[in-house]
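Chains as they are written, first to last, in my numbering: chain A, 1 to 300; chain B, 1001 to 1300.
Glycine included, each C-beta is placed from N, C-alpha and C at the ideal position.
Single-structure report; data block below.
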């Protein structure tokens, strides 16, 4: 686990350096103007710490294929912009109404609601700017594949759709299937994309890509289960955000349906499934295997 | 002008048919699930009438080069999704707080605020899905160029940045230069993109593209001037939205600085400039020339 934690930190540092660079307040060639207030609110939403798990997954899935590191970093940065935009919008008063994110004021608290909406819009749009740049890959077809997959993972059939189903479930008391589907869209799709993107950037074969897809799906589910479990078991100061929200809101989660013990067991099984998917890569996949364990270790 | 109005309607009808198709409530192959409530709010935001000027510009700029009509329609649909998302978010209570849009309730009035935020996010993301699809162009490099340009036109150095500067001007009393730059970002960038996109799709030469850029910039400015003028001179029922908002809010516009007559004169000069830019295309550009006149005719 030590090697994983070290690499997670290293990749997070690279990611943040690149975010700093692309969200620089300096004038950028070819752009009319970058309003400072907008950049500051985008930076607040994007440069706020966090584990940076998705960027790690892009970097390390790509490393399996010796993909170009600069390309991987560009893709990871685009993906993290999408993830961060979703947090900024989810925190809004009309949605989850959260004042704190990682122990700091959310964007609409630090700035205001309009700026938070626009910062989110700016980050989402910027992600596609970053991916369309040749720094993401020198082959335009590869960039198109990444853009198409990210747009689907983040869109109405993915993250945005999942957030709608989370806020407004289609049945009064959603069961396991409905919740699992909602989570697969809301958080799973972007995690799966992270794993696939590394492979796509590195020219993975169809079988290799499908192994990454299985891995991504399994850790996505495990990650969400762990989040639900933490919502029940952790304290606010441990997480740096409001806890026990689901229970307080009387909301069904996989954990509330299964019970804590069965949820933990299911999370462990998903980790095993994730690791099994990586068998074709042998011990080159050690870091990704440790990452799978990490997603649930957090709950212990 | 008759031929222009006929073509504007025809292109709007094609656009709406394509929007109907891509925002269909039916299951789409390869997607996990499309939540009906999200689609309905996206449809409310996108299928709400409107002149569809941007799609027309894509189609008719493309027609100069005999570009593939199906490709042009796909690009126009993506662009209109971006335009409509921006209207949905701009109308939100935290921004312009508008209850009416084209005489109908805005998305947050017809649904609620959270759904309006998510419908906008969904439309923006979907635009890049549509552009990454080979239906936008069979050459991946062309699709990448379109995506890159759209992301820049819609992003922090374009539309989103312009909206920030409109809501929160950087000086207490912005002058002509500041307002002109803000408008070039807020509305100009997307109109310019519409004209360029048609040319890019049709394989325009560098000189031809630069003619379209000049044309797009000029009509973008004229269009915005006309909007400001209408805000002063038209009635609410004529426009189907709240009028005299700028004056009521004590907001500086180009028209308030120049005065009504000088603003109208400037708009006319911009139309002349736009038409002159199209000289290289001869009378093949008749429809675009009529479109330039139309942007200001609305104010008479």
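Taken in chain order, the members of the region 142-168 of chain A whose beta-carbon sits within less than 7 Å of a beta-carbon on chain B are 143, 144, 147, 148, 151, 152, 154, 155, 156, 157, 160, 161, 163, 164, 165, 167 and 168.
Between residue 1039 of chain B and residue 1025 of chain B, the gap from beta carbon to beta carbon is short of 8 Å. In the DSSP assignment, residue 105 of chain A forms a beta bridge with A/100. In the three-state reduction of the DSSP assignment, residue 178 of chain A falls in the helix class. For the C-beta of residue 1193 of chain B, not a single chain A residue is nearer than 7 Å; the gap to the nearest is close to 13 Å. Contact of residue 1044 of chain B with chain A by beta-carbon distance below 7 Å is absent, the smallest such distance being about 14 Å. Among the residues facing chain A, residue 1171 of chain B is not included, as its CB has no counterpart in that chain under 8 Å away. For residue 1167 of chain B, the enclosing alpha helix (DSSP H) starts and ends at 1159-1167. Secondary structure note for residue 265 of chain A: its alpha helix (DSSP H) is the uninterrupted segment 260-277.
DSSP, reduced to helix, strand and coil, places residue 1094 of chain B outside both helices and strands of the structure shown, so it counts as coil. Three or more Cβ pairs drawn from the region 1193-1202 of chain B and the region 1055-1062 of chain B lie within less than 8 Å of each other, which places the two stretches in contact. For residue 1220 of chain B, the enclosing alpha helix (DSSP H) has its first and last residue at 1206-1233. The CB of residue 133 of chain A comes closer than 8 Å to the CB of 1148 in chain B, given here in chain order. For residue 44 of chain A, the enclosing alpha helix (DSSP H) starts and ends at 36-46. The beta carbon of residue 1224 of chain B lies closer than 6 Å to those of 1183 and 1187 in the same chain, with the five residues before and after it left out.
For residue 221 of chain A, the nearest beta carbon of chain B is not closer than 8 Å to its own beta carbon. Contact annotation: in the region 1062-1091 of chain B, residues whose CB is within less than 9 Å of a CB in chain A are 1082, 1085, 1086 and 1089. For residue 251 of chain A, there is no enclosing alpha helix (DSSP H), since its DSSP letter is neither H nor E. Remark: three or more beta-carbon pairs, one from each stretch, lie closer than 8 Å, so the region 1265-1284 of chain B and the region 1197-1217 of chain B are flagged as touching.
With a contact defined as Cβ atoms closer than 8 Å, residue 1148 of chain B and residue 129 of chain A qualify at about 7 Å. Per DSSP, residue 187 of chain A lies in no alpha helix (DSSP H) segment and is marked neither H nor E. Residues of chain A whose Cβ lies closer than 8 Å to the Cβ of residue 1125 of chain B are, in chain order, 124, 151, 154, 155, 156 and 160. Taking the Cα positions, residue 1118 of chain B is about 21 Å away from residue 1102 of chain B. Boundaries of the alpha helix (DSSP H) harbouring residue 115 of chain A: 113-132, taken from the DSSP string. Restricting attention to B/1288, B/1296, B/1220 and B/1293, the CA atom closest to the CA of residue 1007 of chain B is found in B/1288. For residue 1135 of chain B, there is no enclosing alpha helix (DSSP H), as DSSP gives it neither H nor E. Shown here, residue 17 of chain A sits in a helix according to DSSP, grouped into three states.
Membership of residue 1054 of chain B in the alpha helix (DSSP H) is indicated by the continuous run 1053-1063. Collapsing the DSSP output to three states places residue 298 of chain A in coil. If you check the CB distance, residue 1156 of chain B and residue 1143 of chain B do not come in under 8 Å.
A distance below 8 Å between beta-carbons, with the five flanking residues on each side excluded, links residue 1257 of chain B to the following residues of its chain, in chain order: 1175, 1176 and 1179.
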